[in-house]
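Following: one structure in structure tokens, then a few remarks.
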């Protein structure tokens, strides 16, 4: 009996089914409902049906969803303003409920042929917007792979239909079918009383009756049914004419070749960067001729005749296909130079015996003694010619000489390319970058090195230019000649280090010239002392103690008098400030820090820092015998002299030293006590021009090719963005102008960063490449369609916004130039066919100047009762695209659910 009971239990478990458990399909439908409710697609919203979808911003929402073991992504595409709740009352009056907006979108002709379709770009309209004019829809996409089974497609559509009916969803729902590149979407829309099926057909073999409007009208009517139409069918047509061969209208930017110039070598090329794309930046151009709304009875289009004459189309628009990643000269220059900065080769590796020869070829000591300080053209030319011996550098002498004359124009008499005034050069630098003035020596050096690297022999040529440059700077120091093209004065910390080093060398040359002039003047005065010797005066001076004889006076002070004697206070001749470059200032700071904080380190630090103060005090004592520390403070640091009421015996206001000057152990007081009355010309020099110049020269001559390139990179980037700004200043494209400003700000930041980071400069090249490509595209279009204001504005819209309507249509000035381009291309095609012995492939049945249409698009609309004659009239739409190789149809067919 127990065994019989167990068998009955097993049979009960085997045949028992729990119908209360949800199946996987029901779970899938419930999940769809949950997502749609989360997006509030079951609620009634209001939209503006007259809003053009080509001028709006799009947004997306995504959720993952599973059906058994299959994973899907459900995505909602909608216009951003659909989610706005705070709208004015006037806007509300223009809007309609979302239950009607889908059907109104299908019949709205304002959104026909929406341009700029970038599938995959969330900020651009989806391809379904072009086919159906929808503003809000949902797409179900397989997460992995693609859907090819029709049974699975029907199951998913059924799931969408049940979910939409359960929650009263107000937007169309689509399923992506087949492979992604085919852009095949099938969907449904479940309205309150109607149902719309979104169907697609894609055929590689085009039926003969579907190549023209007549056959498409018959197909559309058969799909809807043979019932009587309440309204005639409205047709919108658009034909596309593509042009790939530019013939005589191609825009090319040949790379500069300075060797091709005769006479004066191309200074316009050496003095600036080349700019633009090397190849044609516009790959093809497509003309669209459009007829927005035409009654089916007003147009005939069949195999024998067509009323759609492109020259009489009411709307002409144009789009371009851009060349992928064209090579641009400016970006290529900067990129190539950055690669040069990463090289590990030395100057000997690149120049070999040439660098070794010049290193040993120093001027003889007797030549320095006998050579005149004022150079002549003959001596300078002989110096350049002497370098051409048995070993010659990578750049031949015929090309090298004009380059050096360009860098150092003072070598030539009446040079055509002198440096501009330094004050004017500073004004030309609009941006605050830590580089150098525009068109200065360093600026020209950066451009010449870039040209040499790109055209004259690569890394060897660039290293050769740097080598010749450093040798010329050495020669100018030895011959006591100022370096041209360098801002005067002390090293400017706002400029780059290389510019500061050259400023330092100029300071040294200037100091040495003054010293030699002073020594020469002293010798001349010593030789003439016998003629103007005054015996009485000499005796009087000899009678005075050495400490009371004033020496080294520059001028008398306007108002101050010595406190103790009442004698006028004289401003002494001092050694002046010591010029320092930024790397020397950093070294000095490191030395002071490394001295430590103990008593000995503090004392040594105070001594180092007070060297200049000691020199000035000794000069002051020598010029003002009997002066006190108060006299020195009044002249040297007036803020440390506190005036009081009343006057002293000499008519000066009384005063006293500040609190910090009276502190015990004050450095100023200690230095004053140790200072002796010694004039500046007898003191130990604070600035040794020979030593400082040799240090700066060693800095230049010891640079490797990579390190010399790194010093020049900020100037090169500055010149590049200046060139970019100059070329793009008249182009009114917001994205381009933003990119230019970002590039300028990036260079401003990078020029102040230390150490140099090549990778960050490589990021700059991406911005330069984008901006240079856009400018090249604009210039290419202007060269084809004109450069007047209307053509420039049209070119900017065409590049930035995509397909653009031609002003004036087929009769405008731009259209006339466009016709010339097509006629020229067609003539070339006919000549090629005749030369090849074939027949012309560009014949047009209307004998038009345009070739055969590469693509035809038709949109058919009608309001017809479906599925039966007694059903209410509902919107019907068919979008057809016919190309030379295939045909695709996307139809939205609506039927009445109430009277089904």
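Numbering (the numbering used here), first residue to last: 166 to 1065. We treat Cβ as the ideally placed atom computed from N, Cα and C, and that holds for glycine.
Item, Value
"Exposure label - residue 589; buried when at least 16 CB within 10 Å", "Note that residue 589 scores 43 on pLDDT, short of 50, meaning its location in the model is unreliable; the coordinates nonetheless yield the value given after this. The residue is exposed, with fewer than 16 neighbouring Cβ atoms inside 10 Å."
"Distance between residue 445 and residue 1002 (C-alpha atoms, nearest Å)", "Reliability of the predicted coordinates at residue 1002 is poor, the pLDDT of 46 falling under 50, and the value obtained from them is presented with this limitation in mind. Each residue's Cα considered, the two are about 30 angstroms apart."
"Simplified DSSP state of residue 1061, which is helix, strand or coil", "strand"
"Three CB pairs or more closer than 8 angstroms across the region 454 to 467 and the region 368 to 386", "yes"
"Candidates 499, 197, 278 and 866: closest to residue 925 by CA position", "499"
"Sufficient close CB pairs (3 or more, under 8 angstroms) joining the region 915 to 933 to the region 876 to 891", "yes"
"Coil, strand or helix - residue 578 by DSSP", "coil"
"Beta-carbon separation (whole angstroms), residue 368 vs residue 1052, contact threshold 8 angstroms", "5 angstroms"
"Residue 346 classed as buried or exposed, judged by whether at least 16 other C-beta atoms fall within 10 angstroms", "exposed"
"Residue burial classification, residue 647 (beta-carbon count within 10 angstroms, cutoff 16)", "exposed"
"Alpha-carbon spacing of residue 831 relative to residue 778, whole angstroms", "13 angstroms"
"Cβ-based neighbour list, residue 361, same chain, cut-off 6 angstroms, excluding 5 preceding and 5 following", "354, 1057 and 1059"
"Cut-off 7 angstroms between Cβ atoms - residues of its own chain near residue 526, not counting five sequence neighbours on either side", "With a pLDDT of only 48 at residue 526, under 50, the local geometry of the prediction cannot be trusted, and no value is derived from it."
"Rounded straight-line distance, which links the Cα of residue 958 to that of residue 431", "Low confidence applies to residue 431: its pLDDT is 40, below 50, so where it sits in the model is not reliable, and the reading given next is rough at best. Looking at the two C-alpha atoms, the distance is approximately 33 angstroms."
"Continuous beta strand (DSSP E) assignments of at least 3 residues falling wholly in the region 318 to 358", "338 to 342 and 349 to 355"
"Where residue 679 falls, given that 16 or more other Cβ within 10 Å makes a residue buried", "exposed"
"Proximity below 7 angstroms, CB of residue 348 to CB of residue 400", "no"
"Rounded C-alpha distance that separates residue 951 from residue 332", "57 angstroms"
"Residue closest to residue 1078, alpha-carbon to alpha-carbon, out of 847, 246, 363 and 193", "Because the chain is modelled from 166 through 1065, residue 1078 falls outside the range shown and cannot be assessed."
"CA-to-CA distance, residue 584 to residue 895, given in whole angstroms", "28 angstroms"
"First through last residue of the beta strand (DSSP E) which encompasses residue 301", "301 to 307"
"Rounded C-alpha distance that separates residue 338 from residue 240", "10 angstroms"
"Three-way DSSP call (helix, strand, coil) for residue 609 in this model", "helix"
"Closer than 6 angstroms: residue 240 CB and nearest the ligand HEM heavy atom", "In the structure on display, the ligand HEM does not appear, and there are no ligands present to speak of."
"Reference residue 889, options 953, 236, 677 and 929, closest by Cα", "929"
"Contacts around residue 412, its chain only, beta-carbon distance under 6 angstroms, and the 5 residues preceding and following it disregarded", "989, 990 and 993"
"Terminal residues of the beta strand (DSSP E) in which residue 798 lies", "Element bounds for residue 798: not the beta strand (DSSP E) but the alpha helix (DSSP H), 794 to 801."
"Inside the region 933 to 979 only - beta strand (DSSP E) runs reaching at least 3 residues", "none"
"Buried or exposed (CB count within 10 angstroms, at least 16 for buried), residue 309", "exposed"
"For residue 881 and residue 510, the rounded distance between their alpha carbons", "21 angstroms"
"Outcome for residue 267 when other beta-carbon atoms lying within 10 angstroms are tallied against a minimum of 16", "buried"
"Residue 842 versus residue 865 - alpha carbon distance", "40 angstroms"
"Where residue 812 sits in the DSSP three-state scheme", "strand"
"For residue 399, three-class secondary structure by DSSP", "strand"
"C-beta contact flag for residue 628 and residue 516 at 7 angstroms", "yes"
"Coil, strand or helix - residue 237 by DSSP", "strand"
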